[in-house]
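Residue numbers (the working numbering), protein chains in the order written: chain A, 79 to 446; chain B, 934 to 1201; chain C, 1010 to 1298.
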Amino acid sequence: MNAISLTHLTKSFPTAGRVVDDLTLRVRQGEFITLLGPSGCGKTTTLRLIAGFEFPDSGSVSVAGTDVTDVPPYRRPVNTVFQDYALFPHMNVEQNVGYGMWVARLPKREISERVAAALQMVGLSEKAAARPSELSGGQKQRVALARAIVRRPKVLLLDEPLSALDAKLREAMQVELRHLHRKLGITFLLVTHDQSEAMVMSDRILIMEAGKVVQDGSPLDLYDSPASPYVADFLGTSNLIPGNVHATELDSIRVKAVDALFRVRTRGRSLPTSANVTLAIRPEKTEVIAPESSPVGTPAQLTGRIIEHFFHGGMLRTAIDIGLPLPFLVDTQIKSAAMQGQQLPPGSPCRLRVDEDSIVAFAGSHRP
Amino acid sequence: MSMVGNSRQRHDGIDIGLKLFTFMVLAALYLPIVVLIVFSFNDNQVTTLPLRGFTLDWYRRVFSNEDMLKATYNSFKVGLFATAITLVVGTAAAFAIDRTDFPGKNVFRRLVLLPLVLPGIITGISMLNFFRVLGFTLSLETVILGHATALISIVVTQVYARLQRINRRIEEASSDLGAKPWQTFLYVTLPSIRTALFGSGLICFTLSFDEIPVTFFLTGRDNTLPMYIYSTLRKGITPEINAIGTIIVVASLAIIVLSVRLLQDEKR
Amino acid sequence: MRASTREAWLKSALVLPPLAWTLVFMFVPYAIMFTYSFYTRKYPTFVPDFQFGNYIALFQDVQYRQVFLRTLKIASLVSLFALLLSYPVAYCLVFKIRSLRLRMALYMAVIVPLWVSYLLRAYTWKTILGSQGVLNSFLVWAGILAQPTDLLLYNQFSMVITLVHIFIPFMFMPIFTSLEKIPRSLIEASKDLGVGRGWTFLKITLPLSLPGVMAGFTFTFCLSFGDFVAPFLVGGPDGFMIANIVQSQFGTALNWPLGSAISIAILAIVLTVISISDRFERSGRLDLG
């Protein structure tokens, strides 16, 4: 039995058009699944269709084996953690968390026991009497979480739950959510536009574009073999380079791009000779080499000119002009940058060596 | 240097002039109210200077004037019922404008808000015609219906403004947590608009308590307090009117300050 | 029942009562008033008819035309003076009073009289301006006048003063709101670019506050246009306004069809003013809070 099952789900809005487009999706019991995509890709609408805040134009929604397509939100076995937390401002923490059981007329004693347990689980026991306005962002987040899990839903929906937190707190909460997921055994469905958040927490990621799922797989699958340049660029950064198949071999091709020849694994794609292709090259799989040095191993393929260096997420990122409209990006571990003293000054020529095994080739020419 | 100094002096001059002007306008606004209050205690049958002496006689007369007391009672009755109707219908209208879509909504919105700028005489006369066609006898009940119609717009603007500000997600959260629609309305939506309801209710009550143009056309044999005052004014001015006026003014001031406080509290 | 159907039911339950109310107590009465305006008077009642006599009388009868024009004039004067008095006050509060608390307190001070009995405020002007009134007795007492004058009351002058006093808050509120909405950075940017205070006011502040001025003008003009209490109290024969005529048609003159026709004319003028001001931006609305 699937925890969530969406079948040919379609939803349009008068102004935005078709936001969810014939979406079919099965989520296994206990899975931590993430809908990932930029704003406007339909991921939040999908979540709202599952929660029952919106009703589909066609298709069906089932939760835990029951068709809930026409069931209002208050009769669905799912609970939601909202992006802006949506805590009731006129109730204190305890009343917020206990609200769902209070409207269901559960015995007072049971309510207070379960509220206490939920608050303990999120580490907020001492704030039970506080009003939401007295809490910090992280604390509000925990109240919202406690309020959603206290009713023991079949599915927990999380709508960009961490987007309002600062970077440090966000990372801590990612780990905590992952931990909570294991402990509760509830199915989690997360919606986010933050790829690193998706990578850290999910068992499975669905990348959405224009109301459709464009790729579905584990974080590692998606990172290693993106199905399209869109995915390659969305999950981490990729340098997208237009090229042309020069020769084909058994399971690899030789691609000519920017005057260089690359040997690329085809990964089962059919890419005939002289076909136009786009190469996705990861910044962290490339090395900047000073023009005069002669390193051991594979020779450098590309030449260019340094534009600038800057720090980016614990790495040193270098932008290099290789004669394409967009600069080529290279990420280097900070320690090796210091070691080589390789701060080639902006303007100086350089060579680039790419780990050919990591290159992914896509048919057709995409954006520059 | 001297040019800068001059221009700054000139600006200071403008600022002081503006502040003085503001002070004078405010003084002029309150002058009649002060006159009203002062002369309600003045021991002279005529409202004229110089003041003669302090007396509570006019207040004593107010409280022994049966007609005036009856009219006051009528005004309370009209005000309370009219306010109750305005709150129910006005709140529903505000929700309808904020949350629903139906054909003719724009016309509806305009019609509901029209009395904000419509002279009361139009409401009064159109409803007088209407009641005549239906064969209704004019009474305090027809006055209540007239006041409610004229004042609904106040509740609509206030509640609508509040609805626009409240976070719709908290209603979804309530529904998500298993609350039925009526529970969500009662426990989440209503508390969020509570002060807007209270504030606009108080405003409606004071406006109804003070209403003339609609009442003039729709009342039967019973008088409301303003109508009573209006009709005695035909006979001439008596300081008794100053006394009842002072009571009304002080009471409305208290109510208004309270209600605006409430309306603003939740804005923050 | 489908959830979406249930939601639709709920919504119509919400929409219907206010919709019915406006239909029954506003739309239908207006329609009846409109119908009556074509009826013929047959003293002491009237009979169904379809003729334009009442409207023609409105334009042809010199007396009605005169009162109509006078009402237009007084409503315009009231709006103009209310504007000239309110704008500087609103400007001063928004730009010259730094303390937010003081500004809100002064704002309240201006609008609070709005709820202090309209009738009493009009009536008090009568006691102030009357020949035995406060102003006269003060002037005589101070030796400025030898004897009381009756020039102060029962004319258009007293009408305008009284109505301006009554309607100033309606003019002030939307102007204040629209001035407050102007981002300070715009004015600073203008000054930063070397534009002087006068030009900054004319080029930035004034145009951005025009919607508020329009809204204030709409309120003041429409409400004073249809007033009949102030003319009754302080107007005298020379201050008779159109609403007094309506009043007498439904009272002593007993000519409901004519009264209805005049009411329809007033309604038409109000709707015209609203739609003109609606053309301008929708900001600067009435904000009682």
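No residue lacks a Cβ here, since even glycine has one placed at the ideal position from N, Cα and C.
Computed from a predicted structure; not experimentally measured.
Asked	Found
Is the number of C-beta pairs between the region 1192-1212 of chain C and the region 1120-1132 of chain C that are closer than 8 Å three or more?	no
Sorted by chain position, which residues of the same chain lie with C-beta nearer than 6 Å to Val937 (chain B)'s C-beta, five sequence neighbours on each side aside?	The predicted position of Val937 (chain B) is uncertain, since its pLDDT is 47 and thus under 50; a value taken from the coordinates is nonetheless stated next. Answer for Val937 (chain B): no residue qualifies.
For Val168 (chain A), decide whether its Cβ has a neighbour in chain B, counting only Cβ atoms nearer than 8 Å.	Checking the displayed sequence, the identity of residue 168 (chain A) turns out to be His instead of Val. Closer than 8 Å to some Cβ of chain B, the Cβ of His168 (chain A) qualifies, so yes.
Assign Pro1053 (chain C) to buried or exposed, taking buried as 16 or more other Cβ atoms, counted over all protein chains shown, within 10 Å of its Cβ.	exposed
Considering only DSSP beta bridges, list what Ala397 (chain A) is partnered with.	A:Glu386, A:Leu407
Of all the CB atoms in chain C, is at least one closer than 8 Å to the CB of Pro1114 (chain B)?	yes
For Pro1057 (chain C), which residues in the same chain have their Cβ closer than 7 Å to its Cβ, ignoring the five residues on either side in sequence?	Tyr1048
Going along chain B in order, which residues have a C-beta closer than 8 Å to the C-beta of Ile1083 (chain C)?	Here the premise fails: no neighbours, minimum Cβ distance about 13 Å.
Could you check how far apart the C-beta atoms of Ile398 (chain A) and Thr356 (chain A) are, in whole angstroms? I think they sit under 8 Å.	Not confirmed; about 19 Å, so no contact.
What's the C-alpha gap between Asn174 (chain A) and Ser1107 (chain B)?	10 Å
Do you know how far the Cα of Leu240 (chain A) is from the Cα of Ser211 (chain A)?	18 Å
Quick one: which chain B residues come within Cβ less than 8 Å of Ser1272 (chain C)?	Ile1054, Ile1055, Ile1058, Ser1059
Can you give the Cα-Cα distance for Pro1220 (chain C) and Asp1287 (chain C), rounded to whole angstroms?	9 Å
With a 10 Å radius around its C-beta and 16 neighbouring C-beta atoms as the bar for buried, classify Asp302 (chain A) as buried or exposed.	exposed
Who are the Cβ neighbours of Gly1235 (chain C) in its own chain at under 6 Å, not counting the five residues just before and after it?	Ala1252, Ile1275
Any idea what DSSP makes of Thr1171 (chain C), helix, strand or coil?	helix
Which residues, in chain order, does the region 147-159 of chain A contribute to contact with chain B at a C-beta distance below 9 Å?	Pro150, Pro151, Tyr152, Arg153, Arg154, Val156, Asn157, Thr158
Indicate whether Pro304 (chain A) and Ala338 (chain A) have their beta-carbon atoms separated by less than 8 Å.	no
Against chain B, with Cβ distances strictly below 8 Å, would Gly215 (chain A) count as a contact?	no
In whole angstroms, what separates the C-alpha of Ser83 (chain A) from that of Leu103 (chain A)?	6 Å
Nearest CA to the CA of Leu1267 (chain C): which residue from B:Arg1102, B:Glu1173, B:Ser1125, B:Ile1058?	B:Ile1058
Does Asn1039 (chain B) have its Cβ less than 8 Å from a Cβ in chain A?	no
Does Gly1178 (chain B) come within less than 8 Å of chain C when only Cβ atoms are used?	yes
Quick one: any contact between the region 1162-1176 of chain B and the region 1110-1128 of chain B, if contact means 3 or more CB pairs under 8 Å?	no
Tell me whether the beta-carbon of Gly1245 (chain C) lies closer than 8 Å to the beta-carbon of Tyr1163 (chain C).	yes
Tell me whether Ile283 (chain A) sits in a helix, a strand or coil according to DSSP, three-state version.	strand
With a threshold of 8 Å, are at least 3 pairs of Cβ atoms found where one atom belongs to the region 1183-1196 of chain C and the other to the region 1269-1284 of chain C?	no
Specify, as a first and last residue, the run of the beta strand (DSSP E) that Thr1148 (chain B) falls within.	That residue, Thr1148 (chain B), is in no beta strand (DSSP E); its alpha helix (DSSP H) goes 1146-1151.
Mind pulling the chain A residues with CB within less than 7 Å of Val1121 (chain B)?	Phe166
If you draw a straight line from the alpha carbon of Gly946 (chain B) to that of Tyr1100 (chain C), how long is it in whole angstroms?	15 Å
For Leu1078 (chain B), tell me which candidate among B:Phe1014, B:Trp991, B:Asp1155 has the shortest Cα-Cα distance.	B:Phe1014
Output yes or no for whether 8 Å exceeds the beta carbon distance between Val181 (chain A) and Ala1112 (chain B).	yes
Any beta carbon from chain C within less than 8 Å of Asn975 (chain B)'s own beta carbon?	no
Can you pull out the residues from the region 1003-1022 of chain B whose beta carbon lies closer than 7 Å to at least one beta carbon of chain C?	Val1022
For the alpha helix (DSSP H) holding Ala454 (chain A), just list the boundary residues, first then last.	In the structure as shown, chain A begins at 79 and stops at 446. Residue 454 (chain A) is therefore absent and cannot be evaluated.
Counting only the same chain and skipping the five closest in sequence on each side, list residues whose C-beta sits under 7 Å from that of Ile385 (chain A).	Ala397, Ile398, Asp399, Pro405, Pro424
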